[in-house]
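Chains as they are written, first to last, in my numbering: chain A, 1 to 188; chain B, 189 to 376.
Heads up, the beta-carbon is just placed ideally off N, CA and C, and yes, glycines get one too.
What follows is a set of notes on a single structure, which appears directly below.
Number of protein chains: 2
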Amino acid sequence: MSNRTALLERALELFAGRGYDAVGVQEVCAAAGVAKPTLYHYFGSKRGLLEALLEERYAPSVARFVEFARYAGDLPRTLEEVVGAYFRFAEEEPALCRLVLALWFASPESEAAGAIAPLLEAQRRSVEDLFAAAARDHGNMRGRERTYALTLLGMVHAHVALALAGRLELDAEVARRAVHQFSHGIYS
Amino acid sequence: MSNRTALLERALELFAGRGYDAVGVQEVCAAAGVAKPTLYHYFGSKRGLLEALLEERYAPSVARFVEFARYAGDLPRTLEEVVGAYFRFAEEEPALCRLVLALWFASPESEAAGAIAPLLEAQRRSVEDLFAAAARDHGNMRGRERTYALTLLGMVHAHVALALAGRLELDAEVARRAVHQFSHGIYS
DNA sequence: CAGCCCCTGTACCGATCGGTATATTGCGCG
DNA sequence: CGCGCAATATACCGATCGGTACAGGGGCTG
């Protein structure tokens with residue numbers, strides 16, 4: 001494994017574990033077994049390290065989510081797929097998912113939040129667009145696209161957060177139930 | 189305003205704005221117009237400052253939420269009240285709300301997350317208990333209390349996050365619509 | 001072999017980190 | 001008045017912060 005890869009790997013673990021601001025570059029370098037100039041050679045700055053990490057590890061997943069969220073006439077199926085994709089992401093890359101979740105709700109003026117903002121915005125927009133497109137087939141939805149997108153994302157985040165804390169397993173059944181509740185409410 | 193109060197005030201603004209780890213005690217002291225020993229006299233440590241902040245400013249709100257979430261036979265009304273209470277909290281104390289939200293999703297091993305964990309746990313439990321109690325009246329809900337609680341909290345967080353970003357106003361109508369969607373799904 | 005250049009370690013920068021020893025202030029109280 | 005104590009400032013601690021100057025090292029190309 002190249003030094004560059006090792007740095008990304010350890011940075012992910014450390015940032016996800018204790019938070020971007022609480023981890024120093026020195027610590028990342030030590031964990032990766034290299035000296036600081038190596039880190040600065042590859043990434044230029046601490047922020048550059050985070051940006052490379054997000055760009056190379058998270059951006060592909062975002063692209064997949066956006067693809068899953070494309071409306072093709074079957075809303076229930078699409079919802080299941082979007083939620084399922086996110087849950088699988090959380091199961092397969094828990095560290096990355098934890099980091100993303102923390103950054104999603106990080107204070108907006110923080111350095112880390114600025115680095116991930118474009119990716120999160122793309123993801124949020126894709127879900128909103130999904131409901132906007134679906135509203136053309138389900139007239140009663142019109143004007144509520146934003147509420148729907150917010151609720152769906154919030155629900156997913158809440159589930160993922162509990163799963164990352166080890167208190168919930170994100171299997172297909174949980175995804176199915178979550179989508180069912182989202183789609184039909186709590187009284188049915 | 190006492191120096192102690194000034195320290196809490198400025199710490200809240202700074203922690204909410206850029207994150208707990210990214211703000212140094214020096215900066216808090218300077219903003220409050222006092223020297224470091226004053227901070228350490230009142231709070232003992234940086235963490236103590238955060239804990240006092242949460243205990244004195246946030247804990248009362250949590251107690252209110254827990255009270256609002258007590259089930260008294262009318263689930264729709266209770267849901268509206270819980271969501272409304274949280275939305276009002278976000279409108280009235282945006283800085284505190286932003287800080288709490290960031291800590292809610294902060295990496296679990298971080299110092300800040302440990303300080304707020306008990307409060308958040310109480311809040312989450314109160315919502316779960318609400319649905320557990322309601323399930324005694326609405327049999328079909330049984331076994332889904334956790335999904336419901338997660339979805340409701342996630343929805344609220346998502347709304348609040350967007351409102352704190354200035355892209356949504358949390359009026360009573362938004363709360364009503366959110367609860368309606370939560371209760372009856374997206375197709376009705 | 002010579003030259004070059006990507007890569008990396010040593011050693012260091014000034015600034016800031018969280019935290020503290022010590023002295024002084026000012027106020028309530030006997 | 002004088003005692004005592006909470007509150008505060010000055011000045012400092014060692015450690016770490018993000019970042020860098022510089023000197024090879026090592027491999028590829030001429």
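Measuring alpha carbon to alpha carbon, tell me which residue in the options is nearest residue i.
| i | options | result |
| --- | --- | --- |
| L307/B | K234/B, Y246/B, G221/B, A363/B | Y246/B |
| V83/A | Y187/A, E51/A, V160/A | V160/A |
| V250/B | R332/B, A310/B, D317/B | A310/B |
| L291/B | A366/B, E361/B, D209/B | D209/B |
| A135/A | R124/A, R125/A, Y148/A | Y148/A |
| E279/B | L358/B, E255/B, G207/B, V288/B | L358/B |
| V299/B | V315/B, R192/B, L238/B, V344/B | Just to set this straight, residue 299/B is Glu in the shown sequence, not Val. Cα-wise, what sits closest to E299/B is L238/B. |
| C285/B | H345/B, A294/B, Y230/B | H345/B |
| E80/A | L150/A, T5/A, A172/A | A172/A |
| F253/B | R330/B, A273/B, Y228/B | A273/B |
| R142/A | E128/A, P108/A, Q181/A | E128/A |
| L338/B | N328/B, D325/B, F256/B, A320/B | A320/B |
| L53/A | P108/A, L130/A, L7/A | L7/A |
| H229/B | E243/B, R192/B, P248/B, E244/B | R192/B |
| A283/B | E93/A, F87/A, P108/A, A32/A | P108/A |
| F87/A | S126/A, D137/A, L153/A | L153/A |
| A113/A | R124/A, L99/A, S126/A | L99/A |
| Q181/A | R332/B, K234/B, A366/B, V362/B | R332/B |
| F89/A | S45/A, A32/A, P60/A | P60/A |
| E243/B | R258/B, G212/B, V362/B, A305/B | A305/B |
| V211/B | R235/B, R365/B, G327/B | R235/B |
| R124/A | F68/A, T38/A, A175/A, V34/A | F68/A |
| T266/B | F231/B, G232/B, S314/B | S314/B |
| G19/A | S183/A, R146/A, Y187/A, L101/A | L101/A |
| E9/A | E93/A, P37/A, A106/A, G44/A | E93/A |
| V367/B | R176/A, Y187/A, R177/A, V174/A | Y187/A |
Could you please give the first and the last residue of the uninterrupted alpha helix (DSSP H) stretch that includes residue i?
| i | result |
| --- | --- |
| E297/B | It is not in any alpha helix (DSSP H) - E297/B carries neither H nor E in the DSSP assignment. |
| S249/B | 247-256 |
| L276/A | It is not possible to answer for residue 276/A, since the shown part of chain A is limited to 1 through 188. |
| E244/B | From DSSP, E244/B is part of no alpha helix (DSSP H); its letter is neither H nor E. |
| E9/A | 3-18 |
| A172/A | 172-184 |
| E357/B | No alpha helix (DSSP H) contains E357/B, which DSSP labels as neither H nor E. |
| A219/B | 213-220 |
What I want to know is whether the C-beta of residue i ends up closer than 7 Å to one or more non-hydrogen atoms of the ligand FMN.
| i | result |
| --- | --- |
| Y187/A | This structure lacks the ligand FMN, and indeed carries no ligand of any kind. |
Problem set entry | Touch test, the stretch 215-225 of chain B against the stretch 254-268 of chain B, Cβ-Cβ under 8 Å, three pairs minimum | no
For this session: Could you tell me whether the stretch 192-210 of chain B touches the stretch 353-367 of chain B, using the rule of 3 or more Cβ pairs below 8 Å?
Result: no
For this session: Run through the stretch 269-355 of chain B for me and flag every whole alpha helix (DSSP H) of 4 or more residues, listed as ranges in chain order.
Result: 282-292, 299-323, 333-352
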